[in-house]
Structure formats: C-alpha cells, structure tokens
Amino acid sequence: MALPLITLPLVELHLHIEGTLEPELIFDLAARNEVTLPWASLDELRAQYEFADLSSFLDLYYRNLDVVRQRVDFADLTRAYLKRAAAGGVRHAEIFFDPQAHTSRGIPLAIALGGVHDALANSVAEFGLSTKLIVTFLRDRPASEALEILQQILAGDVSIDGIGLDSAEVGYPPSLFIEVFSLARANGLHLVAHAGEEGPPAYVWEALDLLQVERVDHGIRSLEDDALVERLVADRIPLTVCPLSNVRLRVIDTLADHPLLGMLERGLLVTINSDDPAYFGGYVDDNVAALTAEFALDAAQLALLARNGIEASFLAAAEKAVLNAEVDVWLQSQSR
Ligand code: HPA
Ligand SMILES: [Zn+2]
1 MALPLITLPL VELHLHIEGT LEPELIFDLA ARNEVTLPWA SLDELRAQYE FADLSSFLDL
61 YYRNLDVVRQ RVDFADLTRA YLKRAAAGGV RHAEIFFDPQ AHTSRGIPLA IALGGVHDAL
121 ANSVAEFGLS TKLIVTFLRD RPASEALEIL QQILAGDVSI DGIGLDSAEV GYPPSLFIEV
181 FSLARANGLH LVAHAGEEGP PAYVWEALDL LQVERVDHGI RSLEDDALVE RLVADRIPLT
241 VCPLSNVRLR VIDTLADHPL LGMLERGLLV TINSDDPAYF GGYVDDNVAA LTAEFALDAA
301 QLALLARNGI EASFLAAAEK AVLNAEVDVW LQSQSR
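For the record, in the sequence shown the residue sitting at position 26 is 26 according to full-length UniProt numbering, with numbers rising by one throughout.
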C-alpha cells in the first residue's frame, strides 16, 4: 500500500485577504449585490490581470472590491481563502485586512471587520488552520485617518493581533506613520510594514528604526544596502518574500532572477508567501512549487523555508514547537 502523502506544513505571513478575491467570486458577489460589472465575462476580467507595476495592480485590486459589500460577503471571501490555503498545506496564516479599502467606499468598519472575523473564528474547527489578524493601513492615505481607524478598532469588540502598512510605497515613507505605530505598540499589538518592495532601502531602515517593526514585508530592495542586510541578519528580522508577486509586479524580470537563494546564503530570515494569490498566479503552495521547480530546491531547503515561516510567526513558543515537529515528520517522509 502506498504511504499517505504528507504535505509540508506551511505558515503564511504575507497575505492580503482582499487579494484572494477570485474572478469567479467577483461575478458571484456582483450577482448577489446587483452590481453591474464593467466586464462581460470572466475572460474579459482575467484579461485585465497584466500589471506594469504596483500601482497598476492596486487600481484593479481596489476597483474589484466594489462587489464586496455585506458582512456575509467578507465572511465568504475569507472562508474561501482559508479553505484553499488549508488544501495547500497552510497550518497557520497571519492575514492582512485593509479597513480603508472599504470605509473609503462607504462600508462601515464593523461590517467589513466583522465579516472577516466571522470566518476566522471558525477556521481552526473548519480547516485546522490557525490565524492572526493584522490590520494594514494604506500609506497613500492620511496618517490621521489610519490613527482614527486604529482608535475605533481598539475601542471595538473585534480584537486584532497587529498592524501593518501597505499600498503605494514610493513617496509615502514609514516616518509618516510614527504616531499610529506608537499607539499600536502601546496597546501590545505586533508591528509589521511593507518596505523595500518598490521603495528604497531607506524605507526599510525607517520601518525598523522609527516604527520598530518586527517583520518587513517584501524587503527585497534591502539587498542594495550591505549595512541593512547586516542589521536584518543580526537582529533576525524576517522578510516576508512573495516570489510570484515580485514577478507579476515587475519588481524582478523572471522567477529565475529571484534573489531567494542569495538571500538565504546571506543569512536572511526569508519566508515564502503569496501576497495577493487571486491576482499573481498562485497561493503559497504554488509559490513554493514554482521556486522548487525553478531552483531545484531539495527537501532540506524546503524544510528550512517552512521553519523560517514558523520562527517568523507571532505564534507562542509551544505552538511553534508543534509545527516544527510536523516539519520533522515531513522531512523524514522525504528520505524514505
Ligand atoms: O503587494 C502589495 N504591495 C503593497 N500594497 C499591497 N496591497 C495589496 N497588495 C500589496
Ligand atoms: Zn503585500
């Protein structure tokens, strides 16, 4: 009898829930909410998924959210991600949610956040997948708005685990958000920020020194600054790298050009993630599979990447130990 296949237990740390809105769900929610779409068919919508850079992607990402309106829509969106992620071996996900992508189009915060929370609350029971929720602020909107929303969340009844920064990077340095991050820190929240995706290494320094982030999202432009790499290595600051996103947003030309192996060689704590899987051609397991094919990664390298994700997560030590033991079992299964 064939041995049952053991899947590598994965942790996902860079995932925008809004970026899991698949074309089929866009059409379903448009029908549910009686929204007229500008696309006549799924194919016509899919034809829009060619991006020149981050901002051309963000235009479509925000636009497509028009169909997500009711609390149940947010729950359905989130549940669909959890189901797909679990099927790909994800055991723990730390999920980004952009409140301003919804409040700015008139959806009350409580509806959007409540719907996401409804799905996350059942995730362990339904999918065997634990989660944390990280509220990300749009850096191309005023910091005063982010501060107001954070205050509302802190006063509300949905508890969150951390905050982050995303959206258009260049021209919006982390220094604009010092007050928001100070408030989050004072309230015991974890801190992350997108930096060094399209922005310069100086933004990564600011995220570390001014915002005191615990992880850097993307961060691949850090490689342009040796002193910064030394700092990231010395402090074991994780970088949540998203290879298929990097290719689709033209941060790099092709997957073959991805600096993953060089980053690992330099001792960086690199984790593999999907970013916006409905837009970039794959979920986290697809990212791992694409890297494995491109760079002929062996079982030890895959186990290292899985362990990096576990180390970089905001799980408690005992929870990390459980997942690391599952990686051990997977690694043993690979040598048989
Ligand atoms: O890849 C991203 N970068 C910045 N902001 C984002 N918001 C969703 N995805 C992204
Ligand atoms: Zn991102």
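A virtual CB, placed ideally from N, CA and C, is assigned to each residue, including glycine.
The structure displayed is predicted, hence computed values, not measured ones.
Straight-line Cα distance separating residue j from residue i
| i | j | result |
| --- | --- | --- |
| Val135 | Phe181 | 12 Å |
| Leu10 | Ala121 | 20 Å |
| Arg91 | Asn324 | 11 Å |
| Val192 | Val270 | 15 Å |
| Ala202 | Arg336 | 47 Å |
| Leu82 | Glu145 | 29 Å |
| Leu113 | Thr103 | 10 Å |
| Asp73 | Leu176 | 32 Å |
Contact test: residue i Cβ vs ligand 2 heavy atom, cutoff 8 Å
| i | result |
| --- | --- |
| Asp53 | no |
| Asp140 | no |
| Asp166 | yes |
| His190 | no |
| Glu197 | yes |
| Ser222 | no |
| Ser56 | no |
| Ser182 | no |
| Asp217 | yes |
| Ser175 | no |
| Ser245 | yes |
Contact test: residue i Cβ vs ligand 1 heavy atom, cutoff 8 Å
| i | result |
| --- | --- |
| Gly19 | yes |
| Tyr203 | no |
| Asp43 | no |
| Tyr283 | no |
| Asp275 | yes |
| Asp98 | yes |
| Tyr49 | no |
C-beta contact flag for residue i and residue j at 9 Å
| i | j | result |
| --- | --- | --- |
| Asp209 | Gly164 | no |
| Asp53 | Arg250 | yes |
| Asp66 | Val116 | no |
| Ile26 | Leu45 | yes |
| Ala80 | Glu22 | yes |
| Ala306 | Gln334 | no |
| Ala207 | Pro174 | yes |
| Ala143 | Glu179 | yes |
| Ser130 | Leu315 | yes |
| Gly128 | Tyr283 | no |
Cutoff 6 Å; reference residue i; Cβ partners in own chain excluding five residues on either side
| i | result |
| --- | --- |
| Gly281 | Leu244 |
| Gly199 | Glu169 and Val170 |
| Leu60 | Gln48 |
Chain-order list of residues whose beta-carbon lies under 7 Å from that of residue i (same chain, five-residue window excluded)
| i | result |
| --- | --- |
| Leu255 | Pro243, Val247, Ala290 and Glu294 |
| Leu77 | Ile17, Thr20, Leu21, Leu25 and Val68 |
Proximal residues to residue i (C-beta, below 8 Å), its chain only, five neighbours per side dropped
| i | result |
| --- | --- |
| Leu331 | Ala299, Ala300 and Ala303 |
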